[in-house]
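A.B. asks: What follows is a structure written as structure tokens; I'll ask about it next.
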Amino acid sequence: MYMVSNTITVLEGYGDDILERFKIRQGIEDMPGFVALKVMKRLEIKGHEEVLVHTIWEDKAAFENWFASREFHVAHRKPAMTPDGQKMVTGNSIDHYEIIVESDATKAVGYVG
Ligand code: HEM
Numbered sequence: 001m002y003m004v005s006n007t008i009t010v011l012e013g014y015g016d017d018i019l020e021r022f023k024i025r026q027g028i029e030d031m032p033g034f035v036a037l038k039v040m041k042r043l044e045i046k047g048h049e050e051v052l053v054h055t056i057w058e059d060k061a062a063f064e065n066w067f068a069s070r071e072f073h074v075a076h077r078k079p080a081m082t083p084d085g086q087k088m089v090t091g092n093s094i095d096h097y098e099i100i101v102e103s104d105a106t107k108a109v110g111y112v113g
């Protein structure tokens, strides 16, 4: 499996506004090869805020298809602005990963029943 993360740097005081925007789902769940999304608020951070987005895909092609899609474009066309006209998002970093080990509490690893 394949993971692409986006680490978004946000002006102090506006992290929750960005997180609220993510609560409005904009179609990623319906894309072929989509596996999971996690949107996370970084805790105990000073000076700015950070929102970490993990998208998990069956393979790289599935991510690339979404990245080139209308759904991606629509979800990114309106930058979030503060009331005094500043962009809430001040920077971001996109990183690609291959998932090597996966486990969670719903899977009884090694259990033969
Ligand atoms: C180029 C810089 C990017 C910035 C500044 C950015 C920021 C944002 C923001 C603020 C939203 C909330 C929606 C809204 O504001 O209307 C959003 C949606 C989203 N972004 Fe990005 N994003 C970027 C690129 C990416 C990339 C490369 C990924 C891949 C991991 C990604 C993953 C997502 C996902 C999964 C959503 C929700 C889409 C849905 O609900 O269907 N973003 N992005």
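Reading the sequence shown from the start, the letters are residues 1 to 113 in UniProt numbering. Note that the Cβ used here is the ideal one computed from N, Cα and C, for glycine as well.
#1: DSSP puts residue 14 in a beta bridge; with which residues?
#2: According to the Cβ coordinates, are residue 42 and residue 51 closer than 9 angstroms?
#3: From residue 92 to residue 39, what does the alpha carbon distance come to, in whole angstroms?
#4: So if DSSP puts residue 57 in a beta bridge, which residue, or which two residues, is it bridged to?
#5: Roughly how many whole angstroms lie between the Cα atoms of residue 72 and residue 47?
#6: Give the DSSP-derived three-state secondary structure of residue 94 in the structure shown.
#7: Examine the Cβ distances between the segment 62-76 and the segment 7-15 and report whether three or more of them are shorter than 8 angstroms.
#8: Any heavy atom of the ligand HEM closer than 8 angstroms to the CB of residue 35?
#9: So residue 75 is in the alpha helix (DSSP H); what residue range does that whole segment cover?
C.D. replies: By the coordinates alone:
#1: Here residue 14 refers to the residue found at position 14 of the sequence shown. In DSSP, residue 14 forms no bridge with anything.
#2: As a first step, residue 42 is located in the sequence shown; it is residue number 42 there, counting from the start. As a first step, residue 51 is located in the sequence shown; it is residue number 51 there, counting from the start. Going by C-beta atoms, residue 42 is nearer than 9 angstroms to residue 51.
#3: Your numbering for residue 92 matches position 92 in the sequence shown. Your numbering for residue 39 matches position 39 in the sequence shown. Straight-line Cα distance between these residues: approximately 14 angstroms.
#4: Position 57 of the sequence shown, counted from the start, is the residue given in the question as residue 57. According to DSSP, residue 57 bridges with 2 and 34.
#5: Position 72 of the sequence shown, counted from the first residue, corresponds to residue 72. Position 47 of the sequence shown, counted from the first residue, corresponds to residue 47. If you take the alpha carbons of residue 72 and residue 47, they lie about 30 angstroms apart.
#6: To locate residue 94, count along the sequence shown from 1; it is residue 94. Strand at residue 94.
#7: no
#8: As a first step, residue 35 is located in the sequence shown; it is residue number 35 there, counting from the start. Result no, Cβ not under 8 angstroms from the ligand HEM.
#9: The count along the sequence shown starts at 1 and reaches residue 75 at position 75. First-last of the alpha helix (DSSP H) with residue 75: 70-75.
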